[in-house]
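In the numbering used here, the protein residues as written are 282 to 756.
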Amino acid sequence: MPETTTAIVWFRQDLRIADNPALHSAAACGATVLPVFIHDDDEAGEWAPGSASCWWLRKSIASLNDSLQGNLRIFRGDASDIIVRFAREVGARAVFWNRCVEPWRVTRDRSIKQQLQQAGVEVHTFNGSYLYDPAEVAKPDGTPYRVFTPFYRRGCEALDPRTILPAPADLRLDTKSRPDGFDEKPVLPAFPWFGDADQGWQPGERGAHDALETFLDSGLDIYTVARDRPDLNGVSRLSPHLHFGEISPHQVRAAVVDRAGGKQSESVDKFISELAWREFSAHLLYHWPELTNDNLQKKFDRFPWRDNEDLQQAWQQGATGYPIVDAGMRQLWQTGWMHNRVRMIVASLLVKNLRIDWRHGSRWFWDTLVDADLANNTMGWQWSAGCGADAAPYFRIFNPILQGERFDPDGRYVRRYVPELADVPDAAIHKPWTLGASDAAAGGFRPGRDYPLPIVDLKTSRAEALAALRSLPAR
DNA sequence: TTTTGAGTTGTTCGA
DNA sequence: GTCGAACAACTCAAA
282 MPETTTAIVW FRQDLRIADN PALHSAAACG ATVLPVFIHD DDEAGEWAPG SASCWWLRKS
342 IASLNDSLQG NLRIFRGDAS DIIVRFAREV GARAVFWNRC VEPWRVTRDR SIKQQLQQAG
402 VEVHTFNGSY LYDPAEVAKP DGTPYRVFTP FYRRGCEALD PRTILPAPAD LRLDTKSRPD
462 GFDEKPVLPA FPWFGDADQG WQPGERGAHD ALETFLDSGL DIYTVARDRP DLNGVSRLSP
522 HLHFGEISPH QVRAAVVDRA GGKQSESVDK FISELAWREF SAHLLYHWPE LTNDNLQKKF
582 DRFPWRDNED LQQAWQQGAT GYPIVDAGMR QLWQTGWMHN RVRMIVASLL VKNLRIDWRH
642 GSRWFWDTLV DADLANNTMG WQWSAGCGAD AAPYFRIFNP ILQGERFDPD GRYVRRYVPE
702 LADVPDAAIH KPWTLGASDA AAGGFRPGRD YPLPIVDLKT SRAEALAALR SLPAR
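Here it is in structure tokens:
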């Protein structure tokens, strides 16, 4: 391209400078780079980002704008309209972006690409968010995988991940083009429900790399065991950073492998397979875009879900009477995040014991998680409900008492988020309703008054769930 | 081509 | 206390 050409780089879920294929290629072709972000919520329909995501996004955008010396053009509105109009106004030669997997974006981006090309503008798109392109991994017969292990072993490990790209050294930014007539208002969270500072979150590329370093230093070695312990710092907490693309999975994997120094390590293998689960989710959503709302296994269309507002609300508010569940739901509400082990426990209670439709659960998580990711969230809920790909055996129903005792043995996690149980002795921390009158009187704690009694009986609800699952037709 | 065995995260029951 | 069996049906890959 000649000296004077301008290339638009459209940032979406790749809010980073380093290892960003779209940005890298735009810079490499010698064009002046015009970075753009569009708040395009209106096009997302029912999957517009929730409050927690908006909170994170605003901070991440600010961080990216800093990295671009304040040159990020931030618009609000219909992306199809804005990108095409903007490209024409600034006389852009090309538009670069990294692809996403949300169905509404896939459809929309395809149409934008067409419009741009018709207007004589080049379009260059890249896989920036996944180790492997979700569209490219396939079984030998060309069809997509539905089981994780072969997807991972055959589909992914057979491919080479691309090389990591440095931040463009010679990035020439367009500092002038600021056309009128565009809405530049940022999107504010509909409901700003948690404090900024106290959760230790640091949205943005810098924060992502800090989180990775912290994990490499103090979490990786013990990952195999500690990853299941919500009372310990055993997980990376990289999920929101990965979702918004503040760091790429390539960077994360390379750093982890590098830290292991070539040594065989169970923890490293385990962690990388977790990254592969993220890949699997994207693969599934890409190939089955209806998955956000429809059961992958059609026989579940006839599952006898129950509608019960009161039970659903008790679950949302962390008032089920099962301490590990309530701690998780309150952690979610207070911090915008929940430990993975606890996500499975709360999901199991909702879909199996309360027998409430998984879509109510995925919807709540969508609105409250800072790492809300359409692919991961959908896959996780379908997996928990047993209606998804490579589903859990139908009889795998978590017992929140056993899970609590196994993974939060001292009740430290429970006490942190359910403070009214602070003085309950360890032996009863996961089943406070068993406290007798004398035990309870000792701490002044009374089950049913200071903390809810269980809203559902585990034994009978489990039996009912098993019966309901058995009643489903074979296909 | 057909058959066989394994598949992220569990619980309960009875010996 | 521990231990093994049972709790489906389907997908995928290897034999």
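The C-beta atom is built at its ideal place from N, Cα and C for all residues, glycine as well. Just so we're clear, the structure is a prediction, and the values are computed from it rather than from any experiment.
Cβ pair residue i, residue j closer than 9 Å
i: residue 358; j: residue 319; result: yes
i: residue 614; j: residue 659; result: no
i: residue 581; j: residue 747; result: no
i: residue 382; j: residue 415; result: yes
i: residue 331; j: residue 647; result: yes
i: residue 547; j: residue 505; result: yes
i: residue 389; j: residue 419; result: no
i: residue 566; j: residue 655; result: yes
i: residue 634; j: residue 743; result: yes
i: residue 402; j: residue 453; result: no
i: residue 384; j: residue 573; result: yes
i: residue 728; j: residue 716; result: yes
i: residue 494; j: residue 341; result: no
i: residue 374; j: residue 312; result: yes
For residue j and residue i, the rounded distance between their alpha carbons
i: residue 691; j: residue 697; result: 11 Å
i: residue 292; j: residue 631; result: 36 Å
i: residue 665; j: residue 300; result: 34 Å
i: residue 561; j: residue 674; result: 19 Å
i: residue 732; j: residue 611; result: 14 Å
i: residue 559; j: residue 503; result: 21 Å
i: residue 355; j: residue 578; result: 41 Å
i: residue 593; j: residue 677; result: 21 Å
i: residue 285; j: residue 484; result: 34 Å
i: residue 481; j: residue 363; result: 35 Å
i: residue 617; j: residue 399; result: 42 Å
i: residue 294; j: residue 343; result: 14 Å
i: residue 670; j: residue 455; result: 46 Å
i: residue 643; j: residue 667; result: 14 Å
i: residue 585; j: residue 750; result: 9 Å
i: residue 478; j: residue 571; result: In this predicted model, residue 478 has a pLDDT of only 47, less than 50, meaning its place in the structure is not dependable enough to derive any value.
i: residue 287; j: residue 457; result: 12 Å
i: residue 639; j: residue 583; result: 13 Å
i: residue 282; j: residue 304; result: The pLDDT assigned to residue 282 is 45, lower than 50, so where the model puts this residue is not dependable, and the model offers no usable value.
i: residue 348; j: residue 335; result: 20 Å
i: residue 337; j: residue 391; result: 27 Å
i: residue 628; j: residue 544; result: 36 Å
i: residue 529; j: residue 542; result: 20 Å
i: residue 333; j: residue 745; result: 35 Å
i: residue 394; j: residue 657; result: 26 Å
i: residue 365; j: residue 501; result: 45 Å
i: residue 549; j: residue 508; result: 12 Å
i: residue 557; j: residue 564; result: 10 Å
i: residue 595; j: residue 709; result: 21 Å
i: residue 324; j: residue 302; result: 25 Å
Whole-angstrom C-beta distance between residue j and residue i, which should lie under 8 Å
i: residue 600; j: residue 695; result: Not quite, the Cβ-Cβ distance comes to about 14 Å (not below 8 Å), so this is no contact.
i: residue 289; j: residue 367; result: 7 Å
i: residue 587; j: residue 626; result: Not quite, the Cβ-Cβ distance comes to about 20 Å (not below 8 Å), so this is no contact.
i: residue 652; j: residue 511; result: Residue 652 to residue 511, Cβ: 16 Å. No contact.
i: residue 700; j: residue 714; result: Between residue 714 and residue 700 the Cβ distance is about 18 Å, and since that is not below 8 Å, they are no contact.
Of the residues the options, the one placed nearest residue i, counting alpha carbons only
i: residue 683; options: 705, 603 and 647; result: 603
i: residue 498; options: 671, 517 and 453; result: 517
i: residue 680; options: 606, 549 and 429; result: 606
i: residue 622; options: 742, 340 and 513; result: 513
i: residue 309; options: 500, 450 and 571; result: 450
i: residue 434; options: 409, 387, 553 and 542; result: 553
i: residue 296; options: 287, 323, 481 and 346; result: 346
i: residue 306; options: 725, 321, 406 and 557; result: 406
i: residue 436; options: 446, 448 and 422; result: 422
i: residue 532; options: 328, 409 and 341; result: 409
i: residue 672; options: 302, 459 and 576; result: 576
i: residue 591; options: 333, 508, 686 and 641; result: 641
i: residue 662; options: 624, 549 and 527; result: 624
i: residue 322; options: 386, 312 and 686; result: 386
i: residue 711; options: 404, 686 and 393; result: 686
i: residue 725; options: 702, 564 and 598; result: 702
i: residue 327; options: 302, 645 and 509; result: 645
i: residue 620; options: 704, 515, 324 and 595; result: 515
Check: residue i C-beta below 8 Å from any heavy atom of the ligand GTP
i: residue 747; result: Absence of the ligand GTP is noted for the structure shown, with no ligands found whatsoever.
message = Would you call the region 490-505 in contact with the region 528-536, where contact means no fewer than 3 C-beta pairs closer than 8 Å?
response = yes
message = With a threshold of 8 Å, are at least 3 pairs of Cβ atoms found where one atom belongs to the region 518-525 and the other to the region 370-381?
response = no
ask   = Three or more beta-carbon pairs under 8 Å between the region 433-447 and the region 404-415, yes or no?
value = yes
ask   = Is the number of C-beta pairs between the region 311-325 and the region 419-431 that are closer than 8 Å three or more?
value = no
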